[in-house]
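With our numbering applied, the sequence shown closes on residue 216, and no number is skipped along the way. No residue lacks a Cβ here, since even glycine has one placed at the ideal position from N, Cα and C. The model shown is predicted, which means the values in this text are computed figures rather than measured ones. As structure tokens, the structure follows; a few thoughts come after it.
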Amino acid sequence: PLSSALLYASNAANAGLAPDRRDELLGRAIGCLHNLEQLVSDMLGFARGAAASNAPVALADIAMAVTNSTPALVREGQQLNVATPPATAVVCGSREALVGAVLNLVTNALQAAGPNATVDVESRLDGQFAEIRVTDNGPGIPETLIRDIFDPFVSSKVNGTGLGLSLVSKLIADHGGVVECDSRPGRTRFWV
25 PLSSALLYAS NAANAGLAPD RRDELLGRAI GCLHNLEQLV SDMLGFARGA AASNAPVALA
85 DIAMAVTNST PALVREGQQL NVATPPATAV VCGSREALVG AVLNLVTNAL QAAGPNATVD
145 VESRLDGQFA EIRVTDNGPG IPETLIRDIF DPFVSSKVNG TGLGLSLVSK LIADHGGVVE
205 CDSRPGRTRF WV
């Protein structure tokens, strides 16, 4: 969210920009900053062991928040497809935490798949359970890392902290769910 907010704010500073476009960019930057604020709060909650809230959250709202937060992350040549789930698909939890978890998976997918990334985000209900899938066309996760990717400080990135997926796993566990991964060259899928 911070990278997106910085990009939106930088673009809004363009002197030749139409006022309505500037307002749109600043609105998106503010939305990203709200997501970041909640993410920091969630990380502090993670450190303290706080439980997730139990408010109703529409899967369509999560999909919309991901769509609105990612344009600055998608580079030229990359493609992000976020399917809109039915309006009746609702889960209980923290909207910001769930959006943050999905954004983390999307960001990782875009980075891992590289300049020709295609990332698909799909949500569906299966009985009383919801499933969110993030799939990319990247090179896959090395077999030596796949079983440990949700552990803190495990990363294949040169400058990675290895905290992103462990935070995702913790947030989803706090919501009574699980995160799993299946990876092979040409397709990696995380599902919540």
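Judged by DSSP in its simplified three-state form, Val216 adopts coil rather than helix or strand. Taking C-beta separations shorter than 8 Å and ignoring five residues to either side along the sequence, the partners of Ala87 in its chain run Val106, Ala107, Thr108, Pro109, Val145 and Ser147, following chain order. Around the beta carbon of Ser34, fewer than 16 other beta carbons sit within 10 angstroms, so the residue counts as exposed. A distance below 8 Å separates the beta carbons of Arg211 and Thr159. Glu100 and Asn140 have their C-alpha atoms roughly 8 Å apart.
For the options Cys116, Leu191, Tyr32 and Asp198, the alpha carbon positioned closest to that of Gln152 is the one of Cys116. When the five nearest sequence neighbours on each side are left out, the beta carbons in the same chain lying within less than 6 Å of the beta carbon of Gln103 are those of Thr142, in order along the chain.
When DSSP states are grouped into helix, strand and coil, Ala79 belongs to the strand group. Per DSSP, Arg208 is one residue of the beta strand (DSSP E) stretching across Glu204 to Arg208. For the pair Ser77 and Leu30, the Cα-to-Cα distance works out to about 29 Å.
Looking at the DSSP output, Leu104 bridges to Val143. Going by C-alpha positions, Ala84 is about 31 Å away from Arg171. Residue pairing by DSSP places Thr159 opposite Asp144 and Arg213 in a beta bridge.
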